[in-house]
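Taking the working numbering, the leading residue of the sequence shown gets 12, the next gets one more, and so forth.
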Amino acid sequence: MKRMKKWVALGVASLLALSLAACSEKDNEKASSDGSKDSKGGNEQITLDFWTFGATGYEDLAKEYENQNPNIKIKVKSSETADHHDALFTALSAGSGAPDIAMLELDQFDRFKVAQDRFVNLYDHGAKDVKDQYLDWKWKYGENAEGDFLFGLPTDIGPKALYYRTDVFEKAGLPTEPEEVASLINSPEAFEQAGLQVKEKTGLFFIDSIEMAFRAYLDAADPALLSPDNELLLGDDSEAKKAFDYAVHLNDLGIVGKFEMWSPEWANAVNKGEFGVELGAGWLKGWMEGNAPDAVGKWRVATLPTDFAANWGGSYIAVPNETKHAQEAYDFIEWLLSAENQFKSFQSHGLFPSAKAVYDMEEFKTNADEFFGGQASAPVFAEAAQDISGIAFKGEKYFPIYSEVLNALKNVQNNGTDPEKEWKDAVKRAEDLLKR
12 MKRMKKWVAL GVASLLALSL AACSEKDNEK ASSDGSKDSK GGNEQITLDF
62 WTFGATGYED LAKEYENQNP NIKIKVKSSE TADHHDALFT ALSAGSGAPD
112 IAMLELDQFD RFKVAQDRFV NLYDHGAKDV KDQYLDWKWK YGENAEGDFL
162 FGLPTDIGPK ALYYRTDVFE KAGLPTEPEE VASLINSPEA FEQAGLQVKE
212 KTGLFFIDSI EMAFRAYLDA ADPALLSPDN ELLLGDDSEA KKAFDYAVHL
262 NDLGIVGKFE MWSPEWANAV NKGEFGVELG AGWLKGWMEG NAPDAVGKWR
312 VATLPTDFAA NWGGSYIAVP NETKHAQEAY DFIEWLLSAE NQFKSFQSHG
362 LFPSAKAVYD MEEFKTNADE FFGGQASAPV FAEAAQDISG IAFKGEKYFP
412 IYSEVLNALK NVQNNGTDPE KEWKDAVKRA EDLLKR
């Protein structure tokens with residue numbers, strides 16, 4: 012889950028130390044042999060430390076599990092995203108102090124995969140039996156490159172959709188029903204044309220920021236900025252350059268605003284309707300419902316053009332191999348992330364499920380959102396989730412490189428600088444980053 016743009020930079024030297032600090036064979040055997048599926052109903056009193064981040068509501072589900080399994084105690088510790096991953100990284104590096112169970116945010120995941128030896132392989136504890144219950148692309152990203160080691164079970168996901176203001180669309184002479192909007196804005200070119208119509212008829216920006224214009228193509232790219240071998244993918248025919256050029260083009264048309272996401276100005280613009288659309292993930296819906304009181308009934312969601320179909324955010328739950336109760340830890344997370352419980356998490360905290368069976372639940376399909384004018388928005392995100400083909404590798408240097416390219420785009424928008432020069436300068440800075 013990703014509520015804020017807050018990313019953690021983990022040092023190269025520390026990562027190297029982490030990946031080389033292999034546990035002994037004896038410790039691995041202990042972690043995988045302690046407990047069994049039958050032991051959770053036994054008499055041994057077992058306490059499992061569970062580290063989470065953000066607002067998940069997992070505390071309530073943990074209590075429910077404890078009631079069903081009186082010998083199991085789940086101690087849930089929740090922290091801010093950055094603090095959580097820093098503390099987990101430090102504990103794994105030291106070889107002591109890690110919890111029995113830990114959440115890993117999607118954008119942090121690749122950085123922890125270099126330390127495979129520090130995690131329990133969930134395939135050794137029954138994960139193969141539940142693989143088919145989850146979206147294929149989400150499951151696959153939880154594996155190592157060889158596909159024989161599973162780091163974590165899938166939790167929530169962030170399928171992107173087109174959030175749009177019905178009052179802005181109506182004033183621009185565009186349709187306002189979700190099916191009609193999806194049918195009209197069905198390609199990048201159609202997206203552009205709708206933006207020009209909004210600008211001409213209303214004088215408003217179509218999309219909120221040049222960053223979101225850039226991410227329209229970039230989030231859907233696989234690979235995006237880096238290959239799994241840390242090869243820089245910023246050639247003139249790269250997906251990143253395509254995304255860069257598209258953002259520049261939309262800006263040249265005058266349909267891109269300067270509302271930086273999460274800023275007070277952006278929040279006010281969402282509330283007051285100062286731009287037409289947002290390319291947002293499923294979790295954005297929860298933020299809007301709680302933070303845009305004047306916009307109740309004025310936003311809707313529709314599916315994005317296939318070229319823009321992408322995931323933004325989500326998590327996994329893993330078992331560090333310091334645990335003395337690997338099987339009990341696995342049994343709990345298998346239960347926690349079942350379709351039934353993912354639906355509960357969706358209802359209570361807006362965590363969009365990766366368990367496919369939820370999409371067929373009648374209550375999921377028909378639940379009307381008052382904020383979205385009574386629209387049942389969940390099926391829109393479910394359809395978007397099933398259009399996603401995969402998740403691009405990120406790795407340690409992804410976000411520093413991303414920032415360099417984004418800064419180039421902001422220079423183009425704010426200062427009128429030459430896009431090609433800005434691109435070449437950003438590529439040079441990215442190359443320098445990889446050499447450090």
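All residues carry an ideal CB built from backbone N, CA and C; glycine is no exception.
Cβ-based burial, residue i [other Cβ within 10 Å; buried from 16]
| i | result |
| --- | --- |
| leucine 31 | Low local confidence applies: a pLDDT of 35 at leucine 31 is under 50, so the model's placement there is unreliable, with the coordinate-based value given in what follows. Under this definition leucine 31 is an exposed residue. |
| alanine 441 | buried |
| asparagine 262 | buried |
| isoleucine 112 | buried |
| aspartate 121 | buried |
| glutamate 431 | exposed |
| asparagine 279 | exposed |
| serine 198 | exposed |
| leucine 117 | buried |
| aspartate 248 | exposed |
| serine 104 | buried |
| arginine 176 | buried |
One or two residues paired with residue i in a DSSP bridge
| i | result |
| --- | --- |
| glutamate 154 | Leu161 |
| proline 170 | Asn322 |
| threonine 63 | Ser89 |
| valine 281 | Answer is none; valine 281 lacks a bridge partner. |
| tyrosine 327 | Leu115 and Pro165 |
| isoleucine 57 | Ile83 |
Limits of the alpha helix (DSSP H) - the one that residue i falls within
| i | result |
| --- | --- |
| phenylalanine 202 | 199-213 |
| phenylalanine 216 | Counting along the chain, phenylalanine 216 falls outside any alpha helix (DSSP H), though it belongs to the beta strand (DSSP E) covering 216-218. |
| arginine 311 | From DSSP, arginine 311 is part of no alpha helix (DSSP H) but of the beta strand (DSSP E) over 310-313. |
| arginine 226 | 221-229 |
| valine 179 | 177-182 |
| serine 359 | 350-360 |
| tyrosine 76 | 69-79 |
| asparagine 241 | Note, asparagine 241: premise wrong, no alpha helix (DSSP H); not H, not E. |
| glycine 270 | Before going further, note that residue 270 is phenylalanine rather than glycine in the sequence given. No alpha helix (DSSP H) holds phenylalanine 270; DSSP gives it neither H nor E. |
| lysine 446 | 430-446 |
| valine 192 | 189-195 |
| lysine 335 | Premise fails: lysine 335 is in no alpha helix (DSSP H) and is neither H nor E. |
| aspartate 448 | This structure cannot settle anything about residue 448, because the visible part of the chain is limited to 12 through 447. |
| asparagine 426 | 409-426 |
| aspartate 263 | 250-263 |
Selected residue, minimal CA-CA separation from residue i, among the options
| i | options | result |
| --- | --- | --- |
| asparagine 132 | Trp148, Glu154, Met114 and Phe123 | Glu154 |
| aspartate 135 | Trp150, Trp148 and Phe162 | Phe162 |
| alanine 138 | Ala98, Leu348 and Ala251 | Leu348 |
| phenylalanine 354 | Val281, Asp167, Ser249 and Ser220 | Asp167 |
| leucine 207 | Pro186, Leu290 and Ile266 | Ile266 |
| arginine 226 | Gly325, Leu417, Lys439 and Leu185 | Leu417 |
| proline 170 | Ser356, Phe382 and Phe319 | Phe319 |
| serine 359 | Glu242, Tyr69, Val209 and Lys86 | Tyr69 |
| serine 220 | Glu339, Asn422, Val141 and Thr187 | Asn422 |
| valine 369 | Trp273, Ala251, Asp94 and Ala396 | Ala396 |
| proline 304 | Lys124, Ala205, Gly284 and Gly158 | Gly284 |
| glycine 385 | Leu146, Arg311 and Phe217 | Arg311 |
Boundaries (first-last residue) of the beta strand (DSSP E) holding residue i
| i | result |
| --- | --- |
| lysine 88 | 83-90 |
| glutamate 289 | 286-292 |
Any non-hydrogen atom of the ligand ZN within 7 Å of residue i CB
| i | result |
| --- | --- |
| phenylalanine 160 | Of ligands this structure carries none, so the ligand ZN is not represented either. |
Original post:
Could you give the uninterrupted runs of the alpha helix (DSSP H) lying entirely in the stretch 96-147, keeping only those of 4 residues or more?
Top reply: 117-124
Original post:
Where in the stretch 354-399 do unbroken runs of the alpha helix (DSSP H), each at least 4 residues long, occur, reported from the N-terminal end onward?
Top reply: 373-377 and 389-398
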